[in-house]
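Quick notes on the structure that follows.
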Amino acid sequence: MLTSALARASRALPPGAVAASPAGAGAFVHRRAFRPSATTCSSTSSASGCLSPVSSRAAAFGERLAISDRHGTATYGALLRAAGRVARRIQRALGGDDGGNPASQAVAFLCPNDARYVAAQWATWLRGSVAVPLYHRHPRRELHYVAGDCGARVVLSTEEFAEAAAGVAREIGVPHVTVMPTTTTGRGGGGAAAGGDWRDHPAMIVYTSGTTGRPKGVLSTHGNLHAQVSCLLEAWEWSCDDIILHTLPLHHTHGIINKLLCPLAVGASCVMLPEFDARQVWEHLLSGDASPRVNVFMAVPTVYARLIDYYDEHYTRPRVRDFVRGMCKEHIRLMVSGSAALPTPVLERWEEITGHRLLERYGMTELGMVLSNPLRGDRIPGTVGSPLPGVEVRIVMEAVSGGGESCKAIVQADSKSTRVTPGFEGKEGELQVSGPSVFKEYWRRPLETKEAFTSDGWFKTGDTAVYRDGAFRLLGRTSADIIKSGGYKISALEVEWNLLSHPDITDVAVIGSPDSLWGQRVTALVVLRRGATLTLKQIKEWARERMVAYTIPSEMILMDELPRNAMGKVNKKDLLKKFFP
Ligand code: MLC
Ligand code: AMP
Numbered sequence: 001m002l003t004s005a006l007a008r009a010s011r012a013l014p015p016g017a018v019a020a021s022p023a024g025a026g027a028f029v030h031r032r033a034f035r036p037s038a039t040t041c042s043s044t045s046s047a048s049g050c051l052s053p054v055s056s057r058a059a060a061f062g063e064r065l066a067i068s069d070r071h072g073t074a075t076y077g078a079l080l081r082a083a084g085r086v087a088r089r090i091q092r093a094l095g096g097d098d099g100g101n102p103a104s105q106a107v108a109f110l111c112p113n114d115a116r117y118v119a120a121q122w123a124t125w126l127r128g129s130v131a132v133p134l135y136h137r138h139p140r141r142e143l144h145y146v147a148g149d150c151g152a153r154v155v156l157s158t159e160e161f162a163e164a165a166a167g168v169a170r171e172i173g174v175p176h177v178t179v180m181p182t183t184t185t186g187r188g189g190g191g192a193a194a195g196g197d198w199r200d201h202p203a204m205i206v207y208t209s210g211t212t213g214r215p216k217g218v219l220s221t222h223g224n225l226h227a228q229v230s231c232l233l234e235a236w237e238w239s240c241d242d243i244i245l246h247t248l249p250l251h252h253t254h255g256i257i258n259k260l261l262c263p264l265a266v267g268a269s270c271v272m273l274p275e276f277d278a279r280q281v282w283e284h285l286l287s288g289d290a291s292p293r294v295n296v297f298m299a300v301p302t303v304y305a306r307l308i309d310y311y312d313e314h315y316t317r318p319r320v321r322d323f324v325r326g327m328c329k330e331h332i333r334l335m336v337s338g339s340a341a342l343p344t345p346v347l348e349r350w351e352e353i354t355g356h357r358l359l360e361r362y363g364m365t366e367l368g369m370v371l372s373n374p375l376r377g378d379r380i381p382g383t384v385g386s387p388l389p390g391v392e393v394r395i396v397m398e399a400v401s402g403g404g405e406s407c408k409a410i411v412q413a414d415s416k417s418t419r420v421t422p423g424f425e426g427k428e429g430e431l432q433v434s435g436p437s438v439f440k441e442y443w444r445r446p447l448e449t450k451e452a453f454t455s456d457g458w459f460k461t462g463d464t465a466v467y468r469d470g471a472f473r474l475l476g477r478t479s480a481d482i483i484k485s486g487g488y489k490i491s492a493l494e495v496e497w498n499l500l501s502h503p504d505i506t507d508v509a510v511i512g513s514p515d516s517l518w519g520q521r522v523t524a525l526v527v528l529r530r531g532a533t534l535t536l537k538q539i540k541e542w543a544r545e546r547m548v549a550y551t552i553p554s555e556m557i558l559m560d561e562l563p564r565n566a567m568g569k570v571n572k573k574d575l576l577k578k579f580f581p
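The opening residue of the sequence shown carries number 1 in the working numbering; numbering runs sequentially from there.
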């Protein structure tokens, strides 16, 4: 039965993918995974380095447990069969109007955090199309924008989001397809699939905010995703015995790459919660006899701060505290923080509570993960370690010479070595990145793509970094117009643009004010129309239908006018100093 299920699943795969499994899986299986045992995935050895969709490795993992969610469990085989069914539904919905080449087709999908998300993502890849995840907490306006901007040929959703997804599909004039539960039985098999080399094949578009215009679609190829996943598998020693607890949104890199595609690329398991809930996370981390028992956890700093608050409130007795520490020490092998700077007090308190020093790493939607503290070895608070395998970084500072300004790389490093220009250790500059994990382009934005790279091909992160005492440190964004709140990147300019459409607001400047829980908070300095009154509560209500929840200001400061310079620009760094010294 297993053999026929795998054979069916394999038939659903594109030619390149079939070749990669089981052989291709070996490229991802690290040390512990090669240990022979009845349940290991060591049979998937023979590293070929073949590039193919991450999902294609699944055929080799057959009846191993892939996902455990609130509806039940799904094996790799079941996921592939479900993906095959969804792929055929897409094919039917598109009918004769298949558009020729699925590689140029975007498939937008709106699914909760459970096995059906994976089925939708893999169905897209089985077809050779481009996966574009939507987020169910986004207002309709935002869903419409993303689905329209990526040029989705079809919108997928699960039953519970069918109304919103069908509405979006209608607005952009494409079919809507429902993703069914993964547990139902049925034939496997997929839709049309492109063959050939998958390296340059477009795989995914994730939307990210920047300092210009509306959010941009970051297009990554299968080669990019392969690189983003494989460097983490190696550096963090992922194995098929691992079980990760997944609590992050699945429309961003952290949730998609680090917490979902990594485990699924090695045959490990992923326990998915529908959303972050401190009590449930603690229950999973502490349940001694639960099956599957979690041994890996990753989150943004705000989540760790929330977990600490919960612990302080609920786990007060000394014996309970000993139990918490004992369980975490004994059962968890890795706890990672990233997406925003980890405050040292959070790192220290978490270590006190669980006995784990969080492994902090640095990454970006356009790049996957770039820098990481070591799995084994000293994790220095306030640093993000060194480059991951396959990633090259440099720190560039603007050097003023006699003839004018030029750029100078003062530090250049990869996972094996770091070269510092003598006299420049400890000097700060912009972090730039190069390597196979770097995204292909901003979707349909050639100008922005060009501007994001240097003339010699390095991606300009817009983050200021410094290299000191053997490790990289992030010092913040070069632009005050980018805010990071709870791990979400928010464009201050986009928030301003939204608020300016309020009839009572005549001028506004949005800044990221420091906050111990959120990292930064969205603070709006607002000038009102003469005679108008407006409270923060009213703004929040007005914004609910229009703006993404985490971009809505949580603080408002009323001003008579905004201080502007001769060029008419507001100096946000000055405003920050003035209001949040
Ligand atoms: C929620 N709120 C936020 C917010 N999230 N406000 C500011 N910033 C945020 N990030 C608001 C809500 O609208 C609500 O407002 C109030 O805060 C409480 O909401 P909540 O429902 O209790 O919050 P919750 O849903 O629990 O969300 C908290 C969170 C979430 C930390 C779990 O923000 C989250 O999932 N963050 C992770 C984002 C992420 O995955 N980033 C990775 C990007 S990739 P009100 O007014 O209604 O009370 C990347 C690359 C890399 O960065 O390196 O990884
Ligand atoms: P995003 O564009 O949403 O992918 O967010 C990427 C940005 O998050 C980076 O450019 C950094 O500014 C920030 N970031 C990610 N990890 C860290 C970290 N460990 N420390 C500081 N900033 C981080």
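Yeah, the Cβ is synthetic: ideal placement off N, Cα and C, and Gly gets one too.
Would you mind sorting G338 into buried or exposed? The rule is 16 or more other CB atoms within 10 Å of its CB. buried
G267 vs F453 beta-carbon contact at 8 Å: no
Got a sec? Which residues, its chain only, sit under 7 Å from Q520 by beta carbon, not counting five neighbours each side? I483, K484, S485, G512, S513 and P514
Counterpart residues of E398 in DSSP-defined beta bridges: C407
Cα-Cα separation, R326 to R445: Checking the displayed sequence, the identity of residue 326 turns out to be Gly instead of Arg. Those two C-alpha atoms are separated by around 51 Å.
Go ahead and label S501 buried or exposed: buried means 16 or more other beta carbons lie within 10 angstroms of its beta carbon, across all protein chains shown. exposed
Do you know offhand how far I539's Cα is from I505's? 10 Å
On the CB-based measure, 16 or more other CB atoms within 10 Å of its CB, does A47 come out buried or exposed? Because A47 sits at a pLDDT of 31, beneath the cut-off of 50, its placement in the model cannot be relied upon, and the point is left open.
On the criterion of 16 or more Cβ atoms from any shown chain inside 10 Å, does L499 qualify as buried, or is it exposed? buried
Quick one, which of L528, W518, H254 and C240 has its alpha-carbon nearest I67's? C240
For F439, tell me which candidate among A341, T253, G84 and T247 has the shortest Cα-Cα distance. T253
Cut-off 7 Å between Cβ atoms - residues of its own chain near P374, not counting five sequence neighbours on either side: G385
When the distance is taken between beta carbons, is E561 closer than 8 Å to V508? no
Rounded to a whole number of angstroms, what is the C-alpha to C-alpha distance between L431 and E160? 42 Å
Which residue or residues does DSSP assign as beta-bridge partners of E430? V396 and T464
Assign G363 to one of two classes, buried (16 or more other C-beta atoms within 10 Å of its C-beta) or exposed (fewer than that). buried
Separation of R564 from V570, as counted between CA atoms: 5 Å
Quick check on K577: buried or exposed, where buried means 16 or more other Cβ atoms within 10 Å of its Cβ? exposed
Which residues does DSSP pair with G519 in a beta bridge? S485 and D515
Which whole-angstrom value describes the C-beta separation of P263 and W238, a residue pair presumed to lie in contact below a C-beta threshold of 8 Å? 7 Å
For the structure I just gave you, are there three or more beta carbon pairs, one from the segment 269 to 277 and one from the segment 311 to 319, closer than 8 Å? no
Segment limits, alpha helix (DSSP H) that includes E494: A492 to L499
Who pairs with K668 in a beta bridge, going by DSSP? Here the chain has residues from 1 to 581 only, and residue 668 is not among them.
The segment 225 to 232 touching the segment 108 to 116, judged by at least three CB pairs closer than 8 Å: no
Roughly how many angstroms separate the alpha carbons of L219 and D149, rounded to a whole number? 12 Å
Rounding to the nearest angstrom, what Cα-Cα distance links A549 and R137 in this structure? 8 Å
If we ignore side chains and look at the alpha-carbon of each, how far apart do R319 and K329 end up? 15 Å
In this structure, how does DSSP classify G188 when only helix, strand and coil are distinguished? Low local confidence applies: a pLDDT of 45 at G188 is under 50, so the model's placement there is unreliable, and no value is given.
For A582, collect the residues of the same chain with a Cβ closer than 6 Å to its Cβ; drop the 5 residues on either side in sequence, then sort them by chain order. Past the edges of the chain, shown from 1 to 581, lies residue 582, and the structure says nothing about it.
Can you list, in chain order, the residues of its chain with a C-beta nearer than 6 Å to that of A78? Leave out the 5 residues immediately preceding and following it. T182
Report the option in S372, L65 and Y76 whose CA atom is closest to the CA atom of R57. Y76
In angstroms with no decimal places, state the Cα-to-Cα distance between V336 and R530. 50 Å
How is the beta strand (DSSP E) around F580 delimited, first residue to last? Careful: F580 lies outside any beta strand (DSSP E) and carries neither H nor E.
Own chain partners of A93 with C-beta closer than 7 Å, once the 5 adjacent residues on each side are dropped: V154, P175 and V177
Thinking C-alpha only, which one of K216, A152 and P139 is nearest L447? K216
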